[in-house]
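Enquirer: Sequential numbering from 2 applies to the sequence shown in the working numbering.
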Amino acid sequence: MQHETIAQALAAACRSIDPVDARLLLEYVLHANHAFLLTHPEHLLTGPQSATFSQLIQKRAKGIPVAYLTGERPFYDLTFQVTEAVLIPRPETELLVEWALQQIPEEQTGRILDLGTGSGAIAITLAKHRPQSHAVAVDLSPDAIVVAQRNAKTLGVTNLEFVAGNWFDELSGEKFDLIVSNPPYVAARDPHLQQGDLRFEPALALSAGDDGLACINQIIAAAPRHLAANGWLLLEHGYDQAEACRELLQRAGFNNICSKPDLAGIMRVSGGQLNFSM
Ligand SMILES: C[S@@+](CC[C@H](N)C(=O)[O-])C[C@H]1O[C@@H](n2cnc3c(N)ncnc32)[C@H](O)[C@@H]1O
Numbered sequence: 002m003q004h005e006t007i008a009q010a011l012a013a014a015c016r017s018i019d020p021v022d023a024r025l026l027l028e029y030v031l032h033a034n035h036a037f038l039l040t041h042p043e044h045l046l047t048g049p050q051s052a053t054f055s056q057l058i059q060k061r062a063k064g065i066p067v068a069y070l071t072g073e074r075p076f077y078d079l080t081f082q083v084t085e086a087v088l089i090p091r092p093e094t095e096l097l098v099e100w101a102l103q104q105i106p107e108e109q110t111g112r113i114l115d116l117g118t119g120s121g122a123i124a125i126t127l128a129k130h131r132p133q134s135h136a137v138a139v140d141l142s143p144d145a146i147v148v149a150q151r152n153a154k155t156l157g158v159t160n161l162e163f164v165a166g167n168w169f170d171e172l173s174g175e176k177f178d179l180i181v182s183n184p185p186y187v188a189a190r191d192p193h194l195q196q197g198d199l200r201f202e203p204a205l206a207l208s209a210g211d212d213g214l215a216c217i218n219q220i221i222a223a224a225p226r227h228l229a230a231n232g233w234l235l236l237e238h239g240y241d242q243a244e245a246c247r248e249l250l251q252r253a254g255f256n257n258i259c260s261k262p263d264l265a266g267i268m269r270v271s272g273g274q275l276n277f278s279m
């Protein structure tokens with residue numbers, strides 16, 4: 002059997018899947034980076050490499066997300082292992098991390114809580130960048146907790162503990178200086194749930210009641226009992242939920258409420274400060 006070159010393998014793959022996905026999958030199969038693919042178009046794949054690449058193309062053509070095929074996704078400045086048990090970390094969520102890091106000075110020994118940690122992307126990134134702080138990461142899914150714990154170990158983050166449970170249920174009496182969350186916020190009947198990568202991600206990570214605000218509502222209502230004085234609550238939400246989020250924060254007694262836009266100018270994160278402790 003004739004071996005194919007990188008250029009031939011990519012050209013064939015692009016007939017059935019997106020060129021960027023084809024490149025990422027070939028990088029994964031060859032353990033090579035983008036620069037290698039660009040500079041070695043004549044490099045020959047081995048038989049097993051061609052077979053593996055072709056199986057991955059078939060799976061991607063059926064819709065399986067690239068990150069679930071390669072088992073990893075870069076987020077902020079780290080790379081996280083992902084499985085079908087967790088949401089694939091999104092670039093939009095880096096905005097939440099940026100805002101959270103601004104609230105915790107580097108030398109501060111604060112307590113951070115990440116609700117709905119999934120792969121651990123937010124909690125682990127914050128804990129890694131603020132080694133003096135102590136973070137707690139909660140998820141209802143025990144399978145997600147296993148993935149997040151593995152990521153913390155691989156990335157050498159130890160100032161972090163994991164709790165399996167429903168939002169604040171296992172944190173009775175505990176207070177935090179900063180609470181962050183990227184909770185499920187898609188309306189249960191939103192047609193996007195039946196499209197693209199979302200079809201393959203855990204329903205528990207995505208949908209939240211009829212209007213998508215059920216989890217956000219629960220978190221905002223309960224957060225004041227778990228915030229230290231002057232503590233912040235920062236939440237990622239849907240493209241059209243910023244106003245509703247700010248209203249909920251106001252009703253719960255928060256101050257300094259504001260929303261921040263993503264690179265497309267869409268308000269994707271809202272938060273507020275609680276100037277008293279309950
Ligand atoms: C949108 S995903 C966010 C995952 C991760 N934080 C990220 O940004 O990539 C929401 C997460 O909330 C978790 N979750 C859903 N309902 C929950 C609940 N009642 N209590 C705790 N976690 C919950 C899901 O299992 C999922 O991991």
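Think of the CB as a built atom: it goes at the ideal place given N, C-alpha and C, for glycine as much as any other residue.
Is the distance from the Cβ of PRO185 to the Cβ of ALA209 below 8 Å?
Expert: Result yes, Cβ atoms of PRO185 and ALA209 sit closer than 8 Å.
Enquirer: Taking ASN160 as the reference, give the member of SER120, ILE146, ARG112, ALA122 with the closest Cα.
Expert: When only C-alpha atoms are compared, the closest one is ARG112.
Enquirer: Helix, strand or coil for ASN256? Go by DSSP, reduced to three states.
Expert: Strand.
Enquirer: Quick check on the DSSP output: the beta strand (DSSP E) that includes GLU85 runs from which residue to which?
Expert: Run containing GLU85: none; DSSP gives neither H nor E here.
Enquirer: If you follow the beta strand (DSSP E) that SER271 is part of, which residue opens it and which one closes it?
Expert: Unbroken beta strand (DSSP E) run through SER271: 268–275.
Enquirer: For VAL158, which of helix, strand or coil comes out of DSSP?
Expert: Correct three-state label for VAL158: coil.
Enquirer: Tell me which residues share the same chain as PHE54 and place their Cβ nearer than 8 Å to its Cβ, disregarding the 5 neighbours each side in the sequence.
Expert: Excluding sequence neighbours, PHE54 sits near ALA10, ALA14, LEU26, LEU27, VAL30, LEU46.
Enquirer: Flag PRO192 as yes when its Cβ comes closer than 7 Å to any non-hydrogen atom of ligand 1, and as no otherwise.
Expert: Every heavy atom of ligand 1 is 7 Å or more from the Cβ of PRO192, so no.
Enquirer: So, at 8 Å on beta carbons, what are the nonlocal neighbours of TYR69 in its own chain, with the 5 sequence-adjacent residues on each side left out?
Expert: Cβ neighbours of TYR69 beyond the five flanking positions: VAL83, THR84, GLU85, ILE89, PHE201.
Enquirer: State yes or no: is the C-beta of LEU214 nearer than 7 Å to some heavy atom of ligand 1?
Expert: The answer is no for LEU214.
Enquirer: Report yes if the C-beta distance between ALA230 and ASN276 is below 8 Å; otherwise report no.
Expert: Yes.
Enquirer: Quick one: is the Cβ of ASN183 within less than 7 Å of any heavy atom of ligand 1?
Expert: Answer for ASN183: yes, Cβ within range of ligand 1.
Enquirer: Going by C-alpha distance, which of ALA223, GLY266, MET279 is nearest ALA243?
Expert: Of the listed residues, the one whose Cα sits closest to ALA243 is GLY266.
Enquirer: Is the closest heavy atom of ligand 1 to the C-beta of TRP233 under 7 Å?
Expert: Result no, Cβ not under 7 Å from ligand 1.
Enquirer: Less than 7 Å between the CB of VAL139 and some heavy atom of ligand 1, yes or no?
Expert: VAL139 Cβ: within cutoff of ligand 1.
Enquirer: Rounded C-beta distance between ILE58 and ILE18? I'm assuming under 8 Å.
Expert: Right, the Cβ-Cβ distance comes to about 6 Å (below 8 Å), so this counts as a contact.
Enquirer: Could one say the Cβ of HIS135 lies closer than 8 Å to chain C's Cβ atoms, at least one of them?
Expert: Any reference to chain C falls outside this structure, which holds one protein chain only.
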